[in-house]
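Asks: Just so you know, we're using this note's numbering here: the sequence shown kicks off at 708 and counts up by one.
Heads up, the beta-carbon is just placed ideally off N, CA and C, and yes, glycines get one too.
If you're wondering where the values come from, they're calculated on a predicted model, not measured in any experiment.
Have a look at this one.
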Amino acid sequence: MQGKSLYAILISIIAVLALALAVMVIFLFATYNRINTSPEANNVKDLPQQTREVPPEEEARLNLYAMEDGTGGDAIFNLKSSPAHENSFLKASITIVYDAGEKRKHLESRTELVKNCVGEFKEACIEYFRSQTFEQLTDEAAMEKARDALRNKFNGIVSKRTDERIILRVIFEDWIVQ
């Protein structure tokens, strides 16, 4: 008799654990299934829009890949392989145009902020271009799409440190797809 009761207790413990596992799996699928994994979901949508028209004299520029002395500035990115182009590259020079504040009052603090984010900006560029194929980047609207996507990503990075959208534009001074 004692063996049968021990057997019944073990079966009931296994049943309770299986039920708990099933509930946990259902909870995880219900919770994490709502996350949108599309590329558009990575764009920052809840940031405040640009609140003022920034005149050219209140804009500041930073070449993302330039050396401290201002030389260089080009970067080479690996592209996503496609059947027609397995080993493709993009050579680009990326300049960030940002708001220096009214009458350039915030130039020093915003330049420091942007320079502190350079590593994350470079990582965002690598991730973006690594997800693009040769065919996508030779399309007519490819540069415009890249500008918009990178500007949104850069503003998302900066928004972790400030509440303003200070990145105005992304400029490609060189764009060679090979």
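(1) Just to confirm the assignment: which complete alpha helix (DSSP H) runs, minimum length 4, are found wholly within the region 825-885?
(2) What are the start and end residues of the alpha helix (DSSP H) that includes Glu765?
(3) Where does Ala791 sit, in a helix, a strand or coil, going by DSSP?
(4) If you compare alpha carbons, which of Ala737, Cys824, Asn862, Asn859 is closest to Tyr772?
(5) If distances are taken between C-alpha atoms only, which option among Ile721, Cys832, Glu760, Pro762 comes closest to Asp781?
(6) Where does the unbroken beta strand (DSSP E) through Lys822 begin, and where does it stop?
(7) I need the DSSP call for Ala807, collapsed to helix, strand or coil.
(8) Rounded to the nearest angstrom, what separates Thr845 and Ala791 at their Cα positions?
(9) What does DSSP give as the partner residue(s) for Phe796 in the beta ladder?
(10) If you reduce the DSSP assignment to three classes, tell me which class Lys752 lands in.
(11) Do Arg837 and Asn770 count as a contact pair if the criterion is CB distance below 8 Å?
(12) Mind checking whether Arg854 and Val804 have CB atoms under 8 Å apart?
(13) Measuring only the C-alpha atoms, how far is Val761 from Leu875?
(14) Considering only their Cβ atoms, is the gap separating Phe879 from Ser800 smaller than 8 Å?
(15) Three-state secondary structure (DSSP) at Thr778?
Replies: In this structure, then:
(1) With a minimum length of 4 residues, the continuous alpha helix (DSSP H) runs that stay inside the region 825-885 are 825-837, 841-844, 849-865.
(2) Where Glu765 is concerned, there is no enclosing alpha helix (DSSP H), given that its DSSP letter is neither H nor E.
(3) The answer is coil: DSSP assigns Ala791 none of H, G, I, E or B.
(4) Per the Cα distances, Cys824.
(5) Of the listed residues, the one whose Cα sits closest to Asp781 is Cys832.
(6) Unbroken run through Lys822 is the alpha helix (DSSP H), 814-823; no beta strand (DSSP E).
(7) Here DSSP, grouped into helix, strand and coil, assigns Ala807 to coil.
(8) Roughly 13 Å separates the two Cα atoms.
(9) Looking at the DSSP assignment, Phe796 forms a beta bridge with Asn785.
(10) Confidence is the limiting factor: at Lys752 the pLDDT is only 49, short of 50, which leaves the residue's position unreliable and the question unanswerable from this model.
(11) No Cβ-Cβ contact shorter than 8 Å links Asn770 with Arg837.
(12) In this structure, Val804 does not lie closer than 8 Å to Arg854 by Cβ.
(13) The C-alpha of Leu875 is placed about 9 Å away from the C-alpha of Val761.
(14) Closer than 8 Å, so yes.
(15) Assignment of Thr778 by DSSP, reduced to helix, strand and coil, places it in the coil class.
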